[in-house]
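Asker: In this note's numbering, the protein residues as written are 3 to 168.
(1) Would you identify the three-state DSSP class for residue 20, choosing helix, strand or coil?
(2) Drop a sphere of 10 angstroms on the beta-carbon of residue 15, count the other beta-carbons inside from all chains shown, and report buried for 16 or more, exposed for fewer.
(3) Kindly list the residues whose CB is nearer than 8 Å to the CB of residue 136, restricted to its own chain and excluding five residues on each side of it in sequence; keep chain order.
(4) Can you say whether residue 24 is buried or exposed, counting buried as having 16 or more other CB atoms within 10 angstroms of its CB?
(5) Would you mind giving the Cβ-Cβ distance between residue 175 and residue 18, rounded to the nearest angstrom? I have them listed as a contact below 8 Å.
(6) So, does the CB of residue 145 fall closer than 8 Å to a CB anywhere in chain B?
(7) With DSSP as the reference, label residue 159 as helix, strand or coil.
(8) Output yes or no for whether 8 Å exceeds the beta carbon distance between residue 58 and residue 26.
(9) Starting from residue 50, trace the alpha helix (DSSP H) in both directions and tell me its first and last residue.
(10) Hey, residue 150 and residue 157 are a contact pair by Cβ (cut 8 Å); roughly how many whole angstroms apart?
(11) So, for residue 52: in the same chain, excluding its five sequence neighbours on each side, which residues have a beta-carbon less than 8 Å away from its beta-carbon?
This is the structure in structure tokens:
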């Protein structure tokens, strides 16, 4: 089911920008409802996964802009909180909860966490738009073409924004 395959991606996209977890859940629910209503109203049916994902990101981004403009909430990034990745409480709280004998050594886990912290601090120094485009490009692995559709601009403009942000 399309909802199950894309929920975590949309949730993560919103969670990276909105601090309150309950508000994130509400936004994601609104996004899927708006998309579903749009697809059924046009009677074109549910699109393929790639098109649906882009459409959901567009709706989510617009919803967050609306919230910001209405001053109901402040857009924030809480990348230090790992709970943004999933709404599933079965996720381990840290890397050591899932440590196995053939897994990475504690030193490797520590180094990975140190590198992650460093990258997150660098991302936090960027403007919201710059941070957002890098997250979509590299964490969500969206292509330049998909980003151009989301931001309603050219692929060249997106490439330039990614390059400058990096």
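Using N, Cα and C, we set each Cβ at its ideal position, and we do this for glycine too.
Answerer: A quick look at the data gives this:
(1) To locate residue 20, count along the chain shown from 1; it is residue 18. The answer is strand: DSSP assigns residue 20 an E or B state.
(2) Position 13 of the chain shown, counted from the first residue, corresponds to residue 15. Flag for residue 15 reads buried.
(3) Working through the chain shown from its first residue, we reach residue 136 at position 134. 125, 128, 164, 167 and 168, listed in sequence order.
(4) Against the chain shown, residue 24 aligns to sequence position 22. It is exposed - the Cβ of residue 24 has fewer than 16 other Cβ atoms within 10 Å.
(5) As shown, the chain starts at 3 and ends at 168. That puts residue 175 outside it, with no answer to give.
(6) As a matter of chain content, chain B is missing from the structure shown, which is built from one protein chain.
(7) Taking the first residue of the chain shown as 1, we reach residue 159 at position 157. Three-state DSSP puts residue 159 in a helix.
(8) In the chain shown, counting from the first residue as 1, residue 58 sits at position 56. In the chain shown, counting from the first residue as 1, residue 26 sits at position 24. Not closer than 8 Å, so no.
(9) Reading the chain shown from its first residue, position 48 is the one you call residue 50. Where residue 50 is concerned, there is no enclosing alpha helix (DSSP H), given that its DSSP letter is neither H nor E.
(10) Residue numbering aside, residue 150 sits at position 148 when the chain shown is read from its first letter. Residue numbering aside, residue 157 sits at position 155 when the chain shown is read from its first letter. Yes, residue 150 and residue 157 are in contact; Cβ-Cβ is about 5 Å, under 8 Å.
(11) The residue given as residue 52 occupies position 50 in the chain shown. Only 148 meet the Cβ criterion.
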